[in-house]
Amino acid sequence: MAGLFPKLITLRWQPGQPSVCLEQDGQPRTLSVKSFFRQCFQSHATAVLRALRLQLASHNQAVLESQDEHHHHWLSAIVDNQQVQLQVMTTLAGRDSTLLQMADELCGIGYWHWQLRDNRFFWSPQIYQIHGLPPSHPVTLDDTLSHYHPEDQPQLRALVAEVTAGPVRRQFQGRIQRADGQWRRVSVKGVSVSSDGGAVTDVFGVVQDITHHQQSQAKMHRLALVAAQTASGALICDKQRRVEWLNSAFERLTGYGLDDLYQKRPRDFLAGTGTDPATLERVGQAMERHQLFQGDLLNYRKDGTPIWLNLSITPIYHEMQHDGFVVIVNDVSARRASEDRLRLYEQAFDQASLGLLFLHQQNGQLWVKEANSAAKELLAGPSHSLVDMPFPGDFFVRTPLELMETEGESLELSPRRAPDDSLQLIHTPLIRPGQAAYRLVILRDTTEQRRTERLLAHNQRMELIGQLVSGIAHDFNNIIGIIQGNLELLAGRLDAEHPGMRSVDKALKAASRASTLTRRLTQFSRQEPVNNEQVEAYQLLLEAEELLSPSLGKHIALEIELDTQSGSVKVDRGDFTDAIVNLAINARDAIGDKGTIRLSCMPVLLGSHIPGLEAEIKPGSYVEFGVSDDGEGIAPAIMDKILDPFFTTKPKGQGTGLGLSMVYGFVKRSKGYLQVRSEPGQGTQIHIWLPQSTSGQPRPQADDRHLDVLKGKKLLLVDDENDLLQVMADQLSLRGFAISAFDDPLKAQKAMADTAFDLLLCDVEMPGLSGFELAEAFMRCQPGKPVLLMSGFVFSVPPHLAHLPRLSKPVSVTRLLGYLVTLLNKREAYGQPHSCRG
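In terms of our numbering, the sequence shown opens at residue 12 and continues consecutively.
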């Protein structure tokens, strides 16, 4: 019988220590861990020790089994206060397989043996520990039963009667009270053994403390209730990613029940046409590698409607082996919709044509929290950040003290980066309950609006003045006619020697002067030209020169720059001459004793805007007439008044104030444009642009024999002023160029990488990419090919590009063609272009 009862050894071991403490016959002994395991498990010692450490790394108990030719070994381990209690049970191989099977089903077990022959009862040390009793405690059947709960004892006594009556196997779960008063739940299994005569001689059994197990089951039950009742959908999948279980929340979210999905993979029913393949691929890779995954994915309900789900996939491990996946899903459609709206709002904020700023206050100072692209462009330039800058700071030329006090009202300010521009500023607080207050500042570029308003006001004023002057001149002519007629009658009745004839002659001269004055008044007020004729532009200037040369005086030099290929204009010949003479006489008076007056005439191409001129320009071909002097110039304070009738700066009796207003009236009637530019001490330049006449035969070209070099040449033409671009393209196409025209320098840069060009002709001031930058890219891409730059502004030339030829706008067609011929013939350009004018 001693061979049948298992041999038990109890030890204590602290993981990481090289020795174990053996308790045998009440005497502790210390043994090497490796030696003890080799003694017990022989050739399996290393494998058993490795397996024990692996299980204890993730659990607080472990059970291992090993068998050799003669013995069957069982090792149980329980972690207790950072130490491990080990029990090794050894039995003969093949003996009592039933007992070994029961031991296999339990861990942390205690063994007991009841010898009916002498009514002896034996406990293993583990049972003493379960009861909280010392090993010296005497054990009997009655004592054993007394530890059980009174409600469990009747059933337990009935089982004792059964096992003693004949060979049977029974099991029982009940409650025991430990010596310290704690109640524990245990599982008891027993088997009775009979002799050859059939009488039961021994009962063997095992006891396991299942308190923690039952508590764990209760926890699992509660977790199952939570999983079933939570708002998050949950799936459990096996190792092959097939659905084994799902909760009711998942069915509510997707419409799929367990009957629909059992043993199916989630991607087979949730994915659809709008599902992102890349995200699906990441999900598959994470599950294949048994890794965590967290992310949003567009899925589809059972009825086909889309739903955004946040997936949280966690691999499950049991006893260090992968055993499946837990998938938690949440409906995030509302969040995704909010994020889409937020992105839309952010795009609208950044792409708004109005400048928008969000300000927050800190220590009494307003700071820029956010700024859109338009605000950056208006206040600092597109490459500058406004965030964390003080406001209003030095953004404006003049910052009124009441700027941030005029809530909801608009102010007109000039930005420091462009002092001639105008910005309308409106600001309002943004109220957010419980949060810091912000301010919204709205900036609107009103430069063009104010320019248009000034132009409209000027035109209306000149029209009203014209109407007034026309009425006065009409009445004045009638009065002069009466006076002059009566004087002529009186002169006819008096002898030539009559003393009164001298007074009559003076009165007639005054009447003639008054008649001339009214003629000038009617010239200003007329809305349409009279006596129109098509005249070569340079001939008009030559005729004016003949009148001016004797009247300017010997101390005033008159210089004339004519382009005989300027073309013709339709004007009233007399009005044109009067206009040029008036301007030249004004220039003479401004010069004083000694100086120079310059007259010029050249063909130009105009776009829709001339810098510094507040007028809407009709793009096309024009003739530019210029009158300039090196006199004292015009004070800025009176620049807005010089075109008004009767305004003059000359001394009393030396001017009527109708000269410039008459010129303005002539230019307006001729559908042209007038610009006066002047600075004190720098002289005055007056430009008149009149439309080129397109009627009649094409005018001859003086250098047509040289233009053959242009035919078939590929010209890359770039100008952000689309109207001017089209006019130039048409003009140059007529000369034989193959034109590739772009109003976007970035597109032109892309084109030069794909196409070989013979020449680049481009504007300098362009958004996105300047003419200098485009020229550098062209020379890198197509080395050796000529470049010609144009600009309507005075620009600073990078030193390394100073050798490039440059023209100023408006561009003379003749001058432009001469440069192009020169560049293509690889000759040095003749001189430098005339100085840049707006």
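Each residue gets a CB set at the ideal place from its N, CA and C atoms; glycine is no exception.
These numbers were taken from a predicted model, which means no experiment stands behind them.
- Of all C-beta pairs linking the stretch 765 to 774 to the stretch 725 to 741, three or more are shorter than 8 Å, placing the two stretches in contact.
- Excluding the 5 residues flanking it on each side, LEU424 has same chain C-beta neighbours closer than 6 Å at PHE407, LEU434 and LEU436, in chain order.
- Note that the stretch 644 to 653 does not touch the stretch 611 to 630; fewer than 3 beta-carbon pairs, one per stretch, sit closer than 8 Å.
- Bridge pairing for PRO614: VAL634 [DSSP].
- Taking 7 Å as the cut-off, the beta carbon of SER802 is found closer than this to the beta carbon of GLU776.
- With a cut-off of 8 Å on Cβ pairs, the stretch 637 to 648 is in contact with the stretch 593 to 609, counting three or more such pairs.
- Three or more pairs of CB atoms, one per stretch, sit closer than 8 Å, so the stretch 167 to 179 contacts the stretch 210 to 221.
- Judged by their CB atoms, LEU701 and GLY683 are nearer to each other than the 7 Å cut-off.
- In this structure, DSSP gives PRO39 an extended state, which the three-state scheme calls strand.
- In the three-state reduction of the DSSP assignment, LEU654 falls in the coil class.
- The Cβ-Cβ distance between VAL515 and LEU498 falls below 7 Å.
- Assigned with DSSP and collapsed to three states, PRO165 falls in helix.
- The three-state reading of DSSP puts LEU22 in strand, counting E and B together.
- At the C-beta level, VAL218 and ILE324 stay beyond 7 Å of one another.
- Inclusion of PHE132 and THR101 in the CB contact set at 7 Å is not warranted, their separation being larger than that value.
- For LEU397 against ALA385, the beta-carbon gap comes to about 11 Å, at or over 8 Å, which does not count as contact.
- In this structure, GLN184 and ARG196 form a Cβ contact; the two beta carbons are roughly 7 Å apart against a cut-off of 8 Å.
- According to the DSSP assignment, ASP220 belongs to the beta strand (DSSP E) that extends over 211 to 220.
- If you check the CB distance, LEU144 and ALA190 come in under 7 Å.
- If you look at VAL738, you'll find it in the alpha helix (DSSP H) that goes 733 to 745.
- Counting along the chain, THR325 sits inside the beta strand (DSSP E) bounded by residues 317 to 329.
- The C-alpha of ALA648 lies about 34 Å from the C-alpha of PRO393.
- CA-to-CA, the gap between ARG300 and GLU292 works out to about 12 Å.
- Contact annotation, LEU365 with ILE453: C-beta distance approximately 6 Å; criterion of less than 8 Å satisfied.
- Counting C-beta atoms within 10 angstroms of its own C-beta, TRP125 has 16 or more neighbours from the protein chains shown and is therefore classed as buried.
- Contact between THR439 and LEU451 holds: their C-beta atoms lie close to 6 Å from each other, under 8 Å.
- For TYR273, the secondary structure class from DSSP, reduced to helix, strand or coil, is coil.
- With distances taken between CA atoms, LEU828 lies nearest to ARG746 out of ARG746, SER751, ALA788 and MET790.
- Going by C-alpha positions, GLY335 is about 55 Å away from LYS387.
- Under the three-state reduction of DSSP output, THR439 falls in the strand class.
- A residue is called buried once 16 or more other Cβ atoms fall within 10 Å of its Cβ, and LYS565, having fewer, is exposed.
- In this model, LEU818 and GLY782 are separated by some 12 Å (Cα to Cα).
- Spanning the alpha carbons of LEU831 and LEU721 requires a straight line of approximately 8 Å.
- As summarised for the stretch 747 to 812, the continuous alpha helix (DSSP H) elements at least 4 residues long and confined to that stretch are 756 to 765 and 782 to 792, given in chain order.
- Here PRO778 has ASP731 as same chain residues with Cβ atoms under 7 Å from its own Cβ, once five neighbours each way along the sequence are excluded.
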